[in-house]
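The sequence shown finishes on residue 545 if you use this note's numbering, and the numbering steps up by one all the way, no holes.
In this text, a Cβ means the ideal position worked out from N, Cα and C, and glycines have one as well.
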Amino acid sequence: MSETKDTQIKPVWRNIWLTKLKERRSVILPILSVLLVITILLLVLPHVLPMPSLVATSKGIGVSHDKDGEDIGLSDGSYALDVEKDKQDIEKYRPGSDYKTQASDAFRRGDASTATALWKEALRVDSNDAETKIYLEDQQVVTSGKPYVTIVLGSVLSNKPVDYPSRDQLQGAYIAQLEHNQSVRTAGGLLLRLLIAKSGNTPINSIAVANRIVEAAKSDKTIIGVFGWTKTTSSLDVLPILTRAHLPLLASTAPGDDLTGRSPYFFRVTPTNKEQASVLAKYAETKLKLQKLVAVYEEQDPFSQNFVDDFTQQFVTGGHQAPARLTYERLSTPEKMAQTVQSVLQMNADSVLLIGSRSTDIANFLRAIPDNSHMKILTNAGQYAIVNAPLGEYRNTQGLIFVSPGFLDSWTIIKPSVQAPSFFSAYKRQFDPNDLHKNAPYGYQRPDAYTMLAYDAVLTFLKGIQIASTTHKESMTGDDLQQALLKINGAQAVQGVTG
47 MSETKDTQIK PVWRNIWLTK LKERRSVILP ILSVLLVITI LLLVLPHVLP
97 MPSLVATSKG IGVSHDKDGE DIGLSDGSYA LDVEKDKQDI EKYRPGSDYK
147 TQASDAFRRG DASTATALWK EALRVDSNDA ETKIYLEDQQ VVTSGKPYVT
197 IVLGSVLSNK PVDYPSRDQL QGAYIAQLEH NQSVRTAGGL LLRLLIAKSG
247 NTPINSIAVA NRIVEAAKSD KTIIGVFGWT KTTSSLDVLP ILTRAHLPLL
297 ASTAPGDDLT GRSPYFFRVT PTNKEQASVL AKYAETKLKL QKLVAVYEEQ
347 DPFSQNFVDD FTQQFVTGGH QAPARLTYER LSTPEKMAQT VQSVLQMNAD
397 SVLLIGSRST DIANFLRAIP DNSHMKILTN AGQYAIVNAP LGEYRNTQGL
447 IFVSPGFLDS WTIIKPSVQA PSFFSAYKRQ FDPNDLHKNA PYGYQRPDAY
497 TMLAYDAVLT FLKGIQIAST THKESMTGDD LQQALLKING AQAVQGVTG
């Protein structure tokens, strides 16, 4: 196999943040110039497993139930994807779910005016629901009579359990879409429409959903790219499908090293596992007095093992003993996770490197730690959802330390003399217009790293669209956008909100 050289787009600056949850403070770590990694290597075939069948409209829009009964598919507003009507389940409940479902029913009947009114009602009771805001903005795009391009947002968006990063990413994408379209309506150019693809809690579903996106792109020539997926495993699965269809895939939160070199159609705006794990390991080496570290990670999850391997390599290079390893089952129950904690305690560990695909696993692990324990938990940005939760909802967070590609207060810490981007004020204005969520500001007034990275990813797509528009005024293809993304470097670099 021939070796290829990665092409990096150098940002003005980028910081990886390491956050200690109890104090809500961040330690600024060395700058990593990783805004957009473009890699070229041989493609891999997708997993050969039975896929759920999808019921679709003539435009390729459609949803179906997967084997667990979760709706997956592709929506332009015809289907509400992020819904939960059970008021007893506070974690999952979306107050506007009934309105959203009724709005989608009306939209499928061709009654856009009723759908619009119902979407607005949904936002009245659930102001931070980005899915609803995207559908409303899309209607303005489609009915404007002006030329537009379409990007598909590929997400997990599960509610069994809730995939908070997906909700965060929709928020970031919406702010970028809104700002761009407001500018275009004044200055001219191509408007941006967003479709939403949901693959649910089962990773392999992403293959069927990617095929649905390709089918939709055949009949809707405005579809020129895909943003996502929120998980490395799903990104690996969909990449060959989208590459064959000449649709660039730009990820904001798929850091797995295995994605490096896969395809000339793959781009990302997040540091790789190797870079993030190295930062976390160096922090542990220099700032923490660890006696015995145990690595606990999700079995049969390539991302988790990849991160642990990268951390271990740096940790050993720094002169430390490689941590012992324990694995836990995917979707472990609180009881099973408690057994894992007991195993760690029996090993007399004072610290744990805990890596998995769900923040729920971290929460279950924390709940099982004895209250008198002083154990330190090192983890990755996937646990930012715990920061989003109301104060006191999670136990034993005092020892939780995680590495993150972004932090919203970085602008005031690093360069207080420079005015922060308008994104931050726009975020609060859009998702908490009545200032009702001061006590639990994340998701309403304060964006997390996933939201910020999503915003940067869509900005990067828009930069590519701008470059391609110099030779393709009214329309463009996925190949046109892919070639334009390759040019984002040096003077063409994107200044995002994460770096």
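{"Item": "Whole-angstrom distance between Lys244 and Ile118, CA atom to CA atom", "Value": "5 Å"}
{"Item": "Segment contact flag, the region 221 to 236 with the region 377 to 389, C-beta cutoff 8 Å, min 3 pairs", "Value": "no"}
{"Item": "Whether Leu400 touches Val342 by CB criterion (8 Å)", "Value": "yes"}
{"Item": "Local conformation of His226 per DSSP, three classes", "Value": "helix"}
{"Item": "Reduced DSSP category for Lys533 - H, G, I as helix; E, B as strand; rest coil", "Value": "coil"}
{"Item": "Buried/exposed call for Arg475, threshold 16 Cβ in 10 Å", "Value": "exposed"}
{"Item": "Buried/exposed call for Gly31, threshold 16 Cβ in 10 Å", "Value": "The structure shown does not extend to residue 31, since the chain spans only 47 to 545, so no value can be given for it."}
{"Item": "Whole-Å CB distance - Lys146 paired with Val171, under 8 Å assumed", "Value": "Going by Cβ atoms, the distance from Lys146 to Val171 rounds to 10 Å, so no, they are not a contact pair."}
{"Item": "7 Å CB neighbourhood of Phe469 in its chain, flanking five on each side removed", "Value": "Ile221, Tyr501, Val543"}
{"Item": "For Ala297, the residue or residues it bridges with in DSSP", "Value": "Arg314"}
{"Item": "Arg258 burial status per 10 Å Cβ neighbour count (16 or more: buried)", "Value": "buried"}
{"Item": "For Thr189, the three-state DSSP class (helix, strand or coil)", "Value": "helix"}
{"Item": "Cβ neighbours of Glu167 in the same chain (closer than 6 Å, five flanking residues each side left out)", "Value": "Tyr145"}
{"Item": "His483 versus Gly489 - alpha carbon distance", "Value": "9 Å"}
{"Item": "Proximity below 8 Å, CB of Ala427 to CB of Pro462", "Value": "no"}
{"Item": "Euclidean distance between Cα positions of Val188 and Gln491", "Value": "29 Å"}
{"Item": "Cβ shell of Tyr227 (< 7 Å), same chain only, five flanking positions each side left out", "Value": "Per the sequence shown, residue 227 should be read as Asn rather than Tyr. Only Glu183, Val187, Leu237, Leu238 meet the Cβ criterion."}
{"Item": "Contact the region 292 to 299 vs the region 257 to 274: 3+ CB pairs below 8 Å", "Value": "yes"}
{"Item": "Leu532 versus Asp525: straight-line alpha-carbon distance, rounded", "Value": "11 Å"}
{"Item": "Under 8 Å between C-beta atoms of Ala297 and Ser309", "Value": "no"}
{"Item": "Every unbroken beta strand (DSSP E) inside the region 205 to 267 [3 residues or more]", "Value": "237 to 244"}
{"Item": "Coil, strand or helix - Leu288 by DSSP", "Value": "helix"}
{"Item": "For Ile180, the three-state DSSP class (helix, strand or coil)", "Value": "helix"}
{"Item": "N-terminal and C-terminal residue of the beta strand (DSSP E) that Ile270 is part of", "Value": "269 to 273"}
{"Item": "Own chain residues within Cβ distance below 6 Å of Asn410, not counting five before or after", "Value": "Pro380, Met383"}
{"Item": "Pair within 8 Å by beta-carbon distance, Ile449 and Ile423", "Value": "In the sequence as presented, Ile is not what sits at residue 449; that position holds Val. Taking 8 Å as the Cβ cut-off, Val449 and Ile423 do not qualify as a contacting pair."}
{"Item": "Extent of the continuous beta strand (DSSP E) to which Gly200 belongs", "Value": "194 to 201"}
{"Item": "Inter-residue Cα distance where the pair is Ala486 and Asn247", "Value": "26 Å"}
{"Item": "Counterpart residues of Ile401 in DSSP-defined beta bridges", "Value": "Tyr343"}
{"Item": "For Asn251, the nearest candidate out of Ile180, Thr196, Ser201 (CA to CA)", "Value": "Ser201"}
{"Item": "Sheet register partners of Ala370 (DSSP bridge)", "Value": "Val340"}
{"Item": "DSSP state of His93 mapped onto helix, strand, coil", "Value": "Bear in mind that a pLDDT of 38 at His93, under 50, signals an unreliable position, so the number given afterwards is only what the model happens to contain. Reduced to three states, the DSSP call for His93 is coil."}
{"Item": "Opening and closing residue of the alpha helix (DSSP H) in which Ser121 lies", "Value": "Careful: Ser121 lies outside any alpha helix (DSSP H), inside the beta strand (DSSP E) at 117 to 121."}
{"Item": "Backbone secondary structure at Val543 - three-state DSSP", "Value": "coil"}
{"Item": "Extent of the continuous alpha helix (DSSP H) run through Ser159", "Value": "158 to 171"}
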